Structure formats: structure tokens, C-alpha cells
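Undergrad: This structure is in C-alpha cells; I'll ask about it shortly.
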Amino acid sequence: MASIDFKKIKSAGELKAMLRHCDNDERLKHEHSNEDIDKEKTHENINYTKLTYGQSCARFDKRIEILDCCC
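Using the numbering used here, the first residue of the sequence shown is number 244, and each one after it goes up by one.
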């Protein structure tokens, strides 16, 4: 079942933790407290951007750099 959750993210670390949590490859590397997660179905998750965790972090860092230099 699909869901969406809007919330304020207050730091770069918090954002990158969320990106890591949502990345298919990163999800397979770690154990979760929820024992009912079926890692065999992780490949069924949809990633609309097609970016990896590293690419997403780099894109965020570049955008913050652009915004910081303009102010």
C-alpha cells in the first residue's frame, strides 16, 4: 500500500538519513527493527528519480552550495 508523509526536515543529516532509508540498495545492507520486512520484495519499491543514495546526496549538496553562494 502506498503512503506519503510530509514533514519538516531540519538538517542535512536528517535528510540524508531519510534518503538512505528510502534507497533500495541501502535498505538491503541493513537489518531493521521491524522483523516483518520482506527484503525479497524490496526490488518492487518504486524510485521515480532513478538516482542512487550517493547521487541524491551529491545533488542535495550541490543545490545547497548554489543557494548558500547566492545569499
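We put the beta carbon where it would ideally sit given N, CA and C, even for glycine.
Note that the structure is a prediction, hence the values are computed from the model and not measured.
State the DSSP-derived secondary structure class of Thr285, mapped to helix, strand or coil.
TA: Here residue 285 refers to the residue found at position 42 of the sequence shown. Helix, per DSSP.
Undergrad: Suppose contacts are defined by Cβ-Cβ distances below 8 Å. Is Arg263 in contact with Glu257 by that definition?
TA: Your numbering for residue 263 matches position 20 in the sequence shown. Your numbering for residue 257 matches position 14 in the sequence shown. Result no, Cβ atoms of Arg263 and Glu257 do not sit closer than 8 Å.
Undergrad: Could you tell me the distance, in whole angstroms, from the CA atom of His273 to the CA atom of Ser246?
TA: For the purposes of this step, residue 273 is taken as the residue at position 30 of the sequence shown. For the purposes of this step, residue 246 is taken as the residue at position 3 of the sequence shown. If you take the alpha carbons of His273 and Ser246, they lie about 22 Å apart.
Undergrad: If Asn267 and Thr285 are in contact, beta carbons under 8 Å, what's the gap, nearest whole angstrom?
TA: Start at 1 with the first residue of the sequence shown, and residue 267 comes out as number 24. Start at 1 with the first residue of the sequence shown, and residue 285 comes out as number 42. Their Cβ separation, rounded to whole angstroms, is 5 Å, which keeps Asn267 and Thr285 in contact under 8 Å.
Undergrad: Arg306 and Leu294: beta carbons closer than 8 Å?
TA: Within the sequence shown, numbered from 1, the residue matching residue 306 stands at position 63. Within the sequence shown, numbered from 1, the residue matching residue 294 stands at position 51. No, Cβ-Cβ distance for Arg306 and Leu294 is not below 8 Å.
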